[in-house]
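Novice: Have a look at the structure that comes next, please.
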Amino acid sequence: MSSNRSDSAKARPASGGSLSTFDRPVPAGVNAAGFGSDVVADALRATDISYIALNPGASYRGLHDSLVNYLGNERPQLLLCLHEESAVAIAHGYAKVTGKAMAAAVHSNVGLMHATMAIFNVWCDRMPMVVLGATGPVDAVKRRPWIDWIHTARDQGALVRGYTKWDDQPASPLAAREAVLRANWIANTAPRGPTYVNLDAEMQESKLTDAVPPIEAARFMPPVENVPAPGPIRQAADILRNAKRPVILAGRVSRDLDAWKSRIALAEAVNARVATDLKVAAAFPTHHPLHVGSPGTIGMTSQAIDAIREADAILSLDWVDVAGTLKSVFGATVPSARIVQVSVDHYLHNGWSMDYQGLPPVDVFIDCEPDVAVPALLAALSPQGSQTTTAHKKEFPKLTDDKLTVDHLADALRRAVGDRPTSLTHVSLSWNGASWAFNHPLDYLGSDGGGGVGGGPGISVGAALALRGSGRLPVAVCGDGDFLMGVTALWTAAHYRIPLLIVVANNHSFFNDELHQERMARMRNRPVENRWVGQRISEPDIDLAAMARAQGAQGFGPVNSIADLQPTFEKAIAAVESGAIAVVDVRVEPGYTAAMTAVMTRKSE
Ligand SMILES: Cc1ncc(C[n+]2csc(CCOP(=O)(O)OP(=O)(O)O)c2C)c(N)n1
Ligand SMILES: [Mg+2]
Numbered sequence: 004m005s006s007n008r009s010d011s012a013k014a015r016p017a018s019g020g021s022l023s024t025f026d027r028p029v030p031a032g033v034n035a036a037g038f039g040s041d042v043v044a045d046a047l048r049a050t051d052i053s054y055i056a057l058n059p060g061a062s063y064r065g066l067h068d069s070l071v072n073y074l075g076n077e078r079p080q081l082l083l084c085l086h087e088e089s090a091v092a093i094a095h096g097y098a099k100v101t102g103k104a105m106a107a108a109v110h111s112n113v114g115l116m117h118a119t120m121a122i123f124n125v126w127c128d129r130m131p132m133v134v135l136g137a138t139g140p141v142d143a144v145k146r147r148p149w150i151d152w153i154h155t156a157r158d159q160g161a162l163v164r165g166y167t168k169w170d171d172q173p174a175s176p177l178a179a180r181e182a183v184l185r186a187n188w189i190a191n192t193a194p195r196g197p198t199y200v201n202l203d204a205e206m207q208e209s210k211l212t213d214a215v216p217p218i219e220a221a222r223f224m225p226p227v228e229n230v231p232a233p234g235p236i237r238q239a240a241d242i243l244r245n246a247k248r249p250v251i252l253a254g255r256v257s258r259d260l261d262a263w264k265s266r267i268a269l270a271e272a273v274n275a276r277v278a279t280d281l282k283v284a285a286a287f288p289t290h291h292p293l294h295v296g297s298p299g300t301i302g303m304t305s306q307a308i309d310a311i312r313e314a315d316a317i318l319s320l321d322w323v324d325v326a327g328t329l330k331s332v333f334g335a336t337v338p339s340a341r342i343v344q345v346s347v348d349h350y351l352h353n354g355w356s357m358d359y360q361g362l363p364p365v366d367v368f369i370d371c372e373p374d375v376a377v378p379a380l381l382a383a384l385s386p387q388g389s390q391t392t393t394a395h396k397k398e399f400p401k402l403t404d405d406k407l408t409v410d411h412l413a414d415a416l417r418r419a420v421g422d423r424p425t426s427l428t429h430v431s432l433s434w435n436g437a438s439w440a441f442n443h444p445l446d447y448l449g450s451d452g453g454g455g456v457g458g459g460p461g462i463s464v465g466a467a468l469a470l471r472g473s474g475r476l477p478v479a480v481c482g483d484g485d486f487l488m489g490v491t492a493l494w495t496a497a498h499y500r501i502p503l504l505i506v507v508a509n510n511h512s513f514f515n516d517e518l519h520q521e522r523m524a525r526m527r528n529r530p531v532e533n534r535w536v537g538q539r540i541s542e543p544d545i546d547l548a549a550m551a552r553a554q555g556a557q558g559f560g561p562v563n564s565i566a567d568l569q570p571t572f573e574k575a576i577a578a579v580e581s582g583a584i585a586v587v588d589v590r591v592e593p594g595y596t597a598a599m600t601a602v603m604t605r606k607s608e
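Per our numbering, residue 4 is the first one in the sequence shown, and the count goes up by one each step.
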């Protein structure tokens with residue numbers, strides 16, 4: 004396992020920009036910690052957390068005051084959000100770019116309840132985050148009538164304990180300081196994940212009676228450095244060296260460019276074919292000659308399936324679902340290929356959520372992160388130089404249909420973007436992985452992690468925040484259902500001037516579930532024509548561009564014709580480059596890729 008801090012520093016290509024001119028409080032003249040929550044605020048500053056995305060609440064009014072009037076709303080700075088789900092999603096997107104925890108603050112009980120799905124997304128995506136919560140006074144005598152009682156729970160952390168790495172409800176300011184440092188340390192240490200600190204209102208608001216002894220905070224968040232054991236590295240290198248048809252499943256890896264290059268060098272050294280996945284961020288150049296097929300979210304391309312079927316060795320670099328992938332290729336038969344798994348994910352598995360997936364057969368297990376294992380494997384193989392000479396492929400889907408499809412959307416978007424460095428911060432379920440080339444670890448940031456629809460807009464705002472000043476154009480492609488659930492995250496982007504382009508692949512439907520109804524109908528010999536009932540978002544049509552404008556973004560569309568796509572995207576990109584948030588509503592024909600449709604509509608299962 005590699006270091007939490009040195010890794011995240013390496014993986015942090017963008018400054019995250021500075022929002023320091025926004026929401027400036029008048030100077031309060033406070034220069035010494037006087038209350039419990041001042042100690043918590045000092046601890047948050049010591050963790051180097053830049054921002055706290057929040058929706059406010061009386062349960063943490065003490066901390067809120069400390070952040071504004073004691074720390075002056077800087078390091079960390081508050082980012083107001085209209086919903087707790089977007090507060091957490093914004094911190095999620097920020098972590099996807101930087102590899103480092105941001106914080107989200109949510110009100111007692113109800114705020115945390117709003118936040119839960121987004122926290123689950125963070126957990127499944129293995130992203131670091133510190134979630135700060137609060138509770139009405141634990142001491143019942145101190146509670147205000149009614150409201151403090153409904154907003155106090157005996158064990159609030161139980162709401163999120165199944166999908167956080169650690170939680171605590173510290174009883175004193177010093178214990179709270181320790182909890183904040185520990186929460187940050189645990190969240191940022193691989194396998195990464197969200198942590199939750201619940202701050203008692205009375206503890207926050209209490210006057211300090213004794214001076215707080217200073218501490219050197221960094222000493223309480225030591226970098227965790229693990230190196231792979233030499234034995235498994237040697238065995239894995241032997242397997243790869245002797246394999247005739249090795250396959251690498253490139254899964255959860257960092258945004259570090261050197262690590263990206265190492266993976267290319269490894270694939271080329273053993274002439275391995277490489278599969279990637281849209282569930283996680285870019286892990287390998289999709290147009291490299293060794294990349295098989297194109298990445299998808301559900302269902303693999305036939306080229307990837309064939310490569311895995313023919314493989315005599317499979318190296319999983321923390322692939323999200325090795326067992327499920329093998330099952331989809333071999334059914335119940337256990338493959339004879341030698342399987343090497345590189346992962347630290349097992350340290351996180353618990354009994355609440357099954358996001359750990361099936362148990363795969365593994366011949367050699369390398370207990371560290373892929374970023375550390377790959378250079379070690381390369382060193383053990385000592386390759387004699389690159390074996391690959393073929394040029395990169397430059398193929399994108401052929402456009403035959405005269406109706407406007409998501410492939411047309413992608414084609415026009417690609418042309419409008421041109422050679423600008425671009426980060427896809429999110430893609431819709433209807434996105435075709437073949438329609439975009441990933442050539443850099445920041446070219447694609449992966450999916451929502453937990454399959455929680457509504458995360459796309461917030462995650463994209465957080466990613467765009469982290470990409471400010473990097474010279475990269477943040478572009479999100481959201482489904483209409485996803486956009487509608489998360490649209491108010493745009494207000495935060497507008498308020499803090501975080502430029503971002505969101506393209507809505509608007510098929511007027513929760514289309515994913517139309518396919519599920521189609522499958523049900525097929526299995527039961529009932530009319531598939533009815534699959535749209537209870538799914539279609541029309542009559543009335545929702546004016547998505549107007550919803551964007553209502554949040555302070557620029558709204559474009561609806562775009563109904565193929566010819567209008569590229570010019571509209573060009574205008575929207577110009578708006579983003581002048582500092583705006585732009586949303587383009589594109590009315591697309593419903594449909595998914597052939598691979599995904601095949602998996603979703605087959606008659607069995
Ligand atoms: C919070 C949540 N509610 C419901 C679902 C079930 N669900 C999965 S995909 C989907 C449809 C999403 O619609 P949209 O974003 O428009 O994408 P489309 O399938 O239409 O391309 C739904 C409702 C979910 N995954 N998460
Ligand atoms: Mg839709």
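Cβ atoms here follow ideal geometry from the backbone N, Cα and C, with glycine treated the same way.
Can you find the residues in the same chain that come closer than 8 Å, C-beta to C-beta, to T604, ignoring five residues on each side of it along the sequence?
Specialist: So the list reads L518, E521, R522, R525, once near-sequence residues are dropped.
Novice: Leaving aside the five residues before and after S426 along the sequence, list all residues of the same chain whose C-beta is less than 8 Å from its C-beta, in chain order.
Specialist: So the qualifying residues of the chain are V100, L445, D446, Y447, L448, A466, L470, R475, L476, P477, V478.
Novice: Hey, is D588 close to ligand 1, as in C-beta under 7 Å from one of its heavy atoms?
Specialist: No - ligand 1 has no heavy atom lying nearer than 7 Å to the Cβ of D588.
Novice: Does the structure place the stretch 399 to 414 close enough to the stretch 449 to 466 that three or more beta carbon pairs sit under 8 Å?
Specialist: Flag = no, the stretch 449 to 466 and the stretch 399 to 414 do not touch.
Novice: Count the C-beta pairs between the stretch 84 to 91 and the stretch 36 to 46 that are closer than 8 Å, then say yes if the count reaches three, no if not.
Specialist: With the cut-off at 8 Å, the stretch 84 to 91 and the stretch 36 to 46 do not touch.
Novice: Taking the beta strand (DSSP E) that T488 falls in, what are its first and last residues?
Specialist: The displayed chain sequence assigns Met, not Thr, to residue 488. Run containing M488: none in the beta strand (DSSP E); it sits in the alpha helix (DSSP H), 483 to 489.
Novice: Could you pull out every residue in the same chain whose Cβ sits closer than 6 Å to the Cβ of A496, ignoring the five residues on either side in sequence?
Specialist: Counting only Cβ-Cβ distances below 6 Å, and skipping sequence neighbours, we find V464, L503, I584.
Novice: Looking only at C-alpha atoms, which of L135, Q554, A440, S564 sits nearest to A190?
Specialist: The candidate whose alpha carbon is nearest that of A190 is L135.
Novice: In this structure, does DSSP put A585 in helix, strand or coil?
Specialist: If DSSP states are grouped into helix, strand and coil, A585 belongs with the strands.
Novice: Between the Cα of I462 and the Cα atoms of G436, H443, F399, I501, which residue gives the shortest distance?
Specialist: The shortest Cα separation from I462 among G436, H443, F399, I501 belongs to I501.
Novice: Going by C-alpha distance, which of I52, L70, V91 is nearest N58?
Specialist: The option with the nearest alpha carbon to N58 is V91.
Novice: I'd like the list of long-range same chain contacts for L115, defined as Cβ closer than 6 Å, with 5 residues on each side in sequence excluded.
Specialist: So the list reads V109, G136, L162, once near-sequence residues are dropped.
Novice: For the alpha helix (DSSP H) containing V409, list its first residue and its last residue.
Specialist: That run of the alpha helix (DSSP H) goes 409 to 420.
Novice: Please classify Q554: does DSSP put it in a helix, a strand, or coil?
Specialist: In the structure shown, Q554 sits in coil (DSSP, three-state: anything other than H, G, I, E or B).
Novice: If you count every other CB in all the chains shown that lies within 10 Å of the CB of P131, and 16 or more means buried, which is it?
Specialist: With 16 or more Cβ atoms within 10 Å of its Cβ, P131 is classed as buried.
Novice: Which residues in the same chain have their Cβ closer than 6 Å to the Cβ of D358, if we skip the five residues on either side of it in sequence?
Specialist: Around D358: C127.
Novice: Given a cut-off of 8 Å, decide if Q306 and G327 are closer than it, judged by their beta-carbon atoms.
Specialist: Against a cut-off of 8 Å, the Cβ pair of Q306 and G327 comes out as no contact.
Novice: Taking 8 Å as the cut-off, decide whether the C-beta atoms of V256 and D374 are in contact.
Specialist: Against a cut-off of 8 Å, the Cβ pair of D374 and V256 comes out as a contact.
Novice: Taking the straight line between their C-alpha atoms, what separation do you get for E592 and L402?
Specialist: One C-alpha to the other measures close to 13 Å.
Novice: Can you give me the Cβ contacts of V365 inside the same chain, cut-off strictly under 7 Å, excluding the 5 residues immediately before and after it?
Specialist: I342, Q344, listed in sequence order.
Novice: Could you give the distance in angstroms between the alpha-carbon of T212 and the alpha-carbon of C371?
Specialist: Straight-line Cα distance between these residues: approximately 46 Å.
Novice: Alpha carbons only, please: which of V587, A556, G582 is nearest the one belonging to P570?
Specialist: That would be V587, whose Cα lies nearest to the Cα of P570.
Novice: Whose CA, out of Q207, S111, L177, M120, lies closest to the CA of G160?
Specialist: Looking at the Cα atoms, S111 is the closest of the given residues.
Novice: Quick check: is the beta carbon of S473 nearer than 8 Å to any beta carbon in chain B?
Specialist: You won't find chain B in this structure, because it holds only one protein chain.
Novice: For R8 and E219, I'd like the C-alpha separation in whole angstroms.
Specialist: Any reading at R8 must be qualified, since the residue scores a pLDDT of 34, below 50, and its modelled position is unreliable; the value itself is stated next. The alpha-carbon atoms of R8 and E219 are separated by roughly 16 Å.
Novice: Any idea what DSSP makes of Y447, helix, strand or coil?
Specialist: DSSP places Y447 in strand when its eight states are reduced to three.
Novice: Within a Cβ cutoff of 6 Å, which residues of the same chain sit near D171, ignoring the five residues on either side of it in sequence?
Specialist: Cβ neighbours of D171 beyond the five flanking positions: A182, V200.
Novice: Helix, strand or coil: which one does DSSP assign to S512?
Specialist: Reduced to three states, the DSSP call for S512 is strand.
Novice: Report yes if the C-beta distance between G234 and W322 is below 8 Å; otherwise report no.
Specialist: No, they are not a contact pair.
Novice: Which residue from P400, R534, N245, A577 puts its Cα closest to that of A440?
Specialist: For A440, the nearest C-alpha among the options comes from P400.
Novice: In the structure shown, what three-state DSSP assignment does F123 receive?
Specialist: Helix at F123.
Novice: How far does the beta strand (DSSP E) with P197 in it extend, from its first residue to its last?
Specialist: Note, P197: beta strand (DSSP E), 197 to 203.
Novice: For a quick check, are the C-beta atoms of V125 and G452 less than 8 Å apart?
Specialist: Yes. Within cutoff.
Novice: Please return the same chain residues whose Cβ sits closer than 8 Å to the Cβ of C481, not counting the five positions on each side in sequence.
Specialist: Hits under 8 Å: H429, S431, G459, P460, S463, G489, I505, V506, V507, A508.
Novice: Starting from K60, trace the beta strand (DSSP E) in both directions and tell me its first and last residue.
Specialist: Residue identity differs from the one stated: residue 60 is Gly in this sequence, not Lys. Counting along the chain, G60 falls outside any beta strand (DSSP E), and DSSP gives it neither H nor E.
Novice: State the start and end residues of the unbroken beta strand (DSSP E) segment that holds A437.
Specialist: First-last for A437: undefined, no H or E at that position.
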